[in-house]
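Take a look at the structure below.
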Amino acid sequence: MILPMPKINKAPLLFSALVVDTKDAERMLIINRMNGDKVAHFKINDGLNTRTLPLTYSVDPNLAVVMFDDDGQFNAAITDNVQAMLINIFSFDINNPQPYEPPVA
-16 MILPMPKINK
-6 APLLFSALVV
4 DTKDAERMLI
14 INRMNGDKVA
24 HFKINDGLNT
34 RTLPLTYSVD
44 PNLAVVMFDD
54 DGQFNAAITD
64 NVQAMLINIF
74 SFDINNPQPY
84 EPPVA
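According to the working numbering, the stretch in the sequence shown is residues -16 to 88, in order.
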């Protein structure tokens, strides 16, 4: 029996993406600054680090980003009032992160 392949709708699937350029840090903690909830906590590399987040974080600057240096060479760094960019998950390129631009009619 051959099952038909479903067609994927060409409509954009919107999410938020947080892109942080880091140097000399080993971990990143993303916090919802309005209620203190942890959004993400992960190991990072030097250079661009991208994390896909729920759509709501691209509406307002409700995030705080903390970068930790586990080597102990530098103090932790925090950035407040961070807003993720709006992305279309189908066309987003993690190597060249650009915000979503709706098509012009």
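Glycine is no exception: its CB is placed at the ideal position from the N, C-alpha and C atoms.
CB of residue i within 9 Å of CB of residue j, strictly
i, j, result
"ARG16", "ASN58", "no"
"PHE(-2)", "ARG10", "no"
"ASP52", "ASP7", "yes"
"MET68", "ALA0", "yes"
"ASP29", "THR5", "yes"
"THR39", "PRO80", "no"
"ALA47", "ILE14", "yes"
"ILE27", "VAL2", "no"
"LEU12", "LYS21", "yes"
As assigned by DSSP and simplified to three states, the class of residue i
i, result
"ALA(-4)", "Note that residue -4 is Leu in the sequence shown here, rather than Ala. Coil, per DSSP."
Option nearest residue i by Cα separation, candidates the options
i, options, result
"ILE72", "TYR83, GLN66, ASN64 and ASN79", "TYR83"
"PHE75", "LEU12, ASP20 and THR35", "THR35"
"GLN66", "SER41, GLY55 and GLN56", "SER41"
Chain-order list of residues whose beta-carbon lies under 7 Å from that of residue i (same chain, five-residue window excluded)
i, result
"ASN64", "PRO44"
"PRO(-5)", "ASN71, PHE73 and TYR83"
Residues near residue i by beta carbon distance below 6 Å, same chain, minus five either side
i, result
"ALA60", "MET50"
Residues of its chain near residue i, where Cβ-Cβ distance is below 8 Å and the 5 sequence neighbours each way are ignored
i, result
"PRO37", "PHE(-2) and SER(-1)"
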